[in-house]
Amino acid sequence: MLFSNKFNCKGRNDLCEFLWADYKKGIWTGEYLSDLLKIHTSKNNMRALGFREYRQIAVAFMEKHLKYNIDGFSWEGEENIFDLQTGHVGRTVGRNYANAFGDSRVVSREAMHQYYLASKAWYQFLLKKDMEHILQGKFDS
Amino acid sequence: MNHSFVSDAFQGKRMALLKQFLDNKVTNEYFTKGRIGDRILWNKTNCLRWMKKCKQLLEILATACHLLGGQPARGTELATLRWTNSADEQRGVYWHNGTILLLGQYSKTRSHSSQNRLIPRYI
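From first to last, the protein sequence lines are chains B and P.
Each residue of the first sequence is one higher than the one before, counting from -11 in the working numbering.
Each residue of the second sequence is one higher than the one before, counting from 18 in the working numbering.
Spelled out as structure tokens, the structure:
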């Protein structure tokens, strides 16, 4: 900041206020930041990913590896923290992000997961009852 | 206004880095051409080279923050982050829970709702 003021650089005012800015052009646009990600991803042997593409991929990663595996703290009321951090409510994320070939157009991924949990709960309940009967039978005989 | 977490952490030390540069023989020779009385004659070429390096470091940091802060932000959300309070908007950089917190204050629906959605990302 001191040097950019001293040498009267074009970006000096933005440097004093914005986090992502430089002495030459001042504040960086979203597009410029997105291009940076493209450069870094392609430098690391990946397909060049801009912010838009990476947001889609990050949602897919999150749903596969994080959302349903972290208990307790990941829900804020009815909304999931991961979805909120994406800047959306869960319904929007389910509808517009990381849609895969096999996803239903009628039922959201979130609802599908809840149905899966419901089925699993029944399965476990019945299995438990079944086991109790078996064990009881064993003890009775 | 103009308050940031740096203001508290580095109170009275805002010129500490510059002082170090000028006290150190190697960096002093790099950044300056000498002095006339109290006036420092800056080596503009090397100062600009330094600023270019700072820009390159910031570019890496911006990408790292985007990847490590949790669910990634939109471009506009990241671009509008301020490190210091201003008349237009509160800053988006804080020190919290022993780490840096970037507080996104952008919302796609801001123009309709006149309200920002706050999205914290710890890095």
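Backbone N, C-alpha and C define an ideal beta-carbon position, used for all residues, glycine too.
Note that the structure is a prediction, hence the values are computed from the model and not measured.
In the structure shown, what three-state DSSP assignment does residue i receive?
i      : result
P:H20  : coil
B:F198 : Residue 198 of chain B is absent from the model: chain B starts at -11 and stops at 129.
P:T116 : strand
B:Y56  : coil
B:R40  : helix
B:R35  : coil
B:V77  : coil
B:Y85  : coil
P:G121 : strand
B:Y11  : coil
P:R66  : helix
P:R225 : Only positions 18 to 140 of chain P appear in the structure, and residue 225 of chain P is not among them; the question remains open.
Need the endpoints of the alpha helix (DSSP H) that residue i sits in, please.
i       : result
P:I57   : Segment R56 to W59 is the beta strand (DSSP E) holding P:I57; no alpha helix (DSSP H) there.
P:G92   : G92 to A96
P:Q37   : A33 to D40
B:F(-5) : Taken as a continuous stretch (DSSP letters only), B:F(-5) belongs to no alpha helix (DSSP H), as it is neither H nor E.
Would you list the residues sitting across from residue i in a DSSP beta bridge?
i     : result
P:R52 : P:I57
For residue i, report the span of its beta strand (DSSP E) as first-last.
i      : result
P:Y139 : I136 to Y139
Can you list, in chain order, the residues of its chain with a C-beta nearer than 7 angstroms to that of residue i? Leave out the 5 residues immediately preceding and following it.
i     : result
P:N19 : T101 and N102
Below 8 angstroms CB to CB, which residues in the same chain sit around residue i once its five sequence neighbours on both sides are set aside?
i     : result
B:I27 : A36
B:G38 : S22, D23, L25 and K26
Can we say the region 22 to 35 of chain B touches the region 59 to 74 of chain P, given the rule of at least three CB pairs closer than 8 angstroms? no
Taking 8 angstroms as the cut-off, does the region 7 to 15 of chain B touch the region 91 to 105 of chain P (at least 3 CB pairs, one atom from each stretch)? Judged by pairs of C-beta atoms under 8 angstroms, the region 91 to 105 of chain P touches the region 7 to 15 of chain B, as three or more such pairs exist.
Would you check if the region 132 to 139 of chain P and the region 113 to 120 of chain P touch, i.e. whether three or more CB-CB distances between them fall below 8 angstroms? In the pairwise beta carbon analysis, the region 113 to 120 of chain P is classified as touching the region 132 to 139 of chain P: at least three pairs are separated by under 8 angstroms.
Given 8 angstroms as the limit, is there contact between the region 87 to 98 of chain P and the region 65 to 78 of chain B, that is, 3 or more CB pairs closer than that? yes
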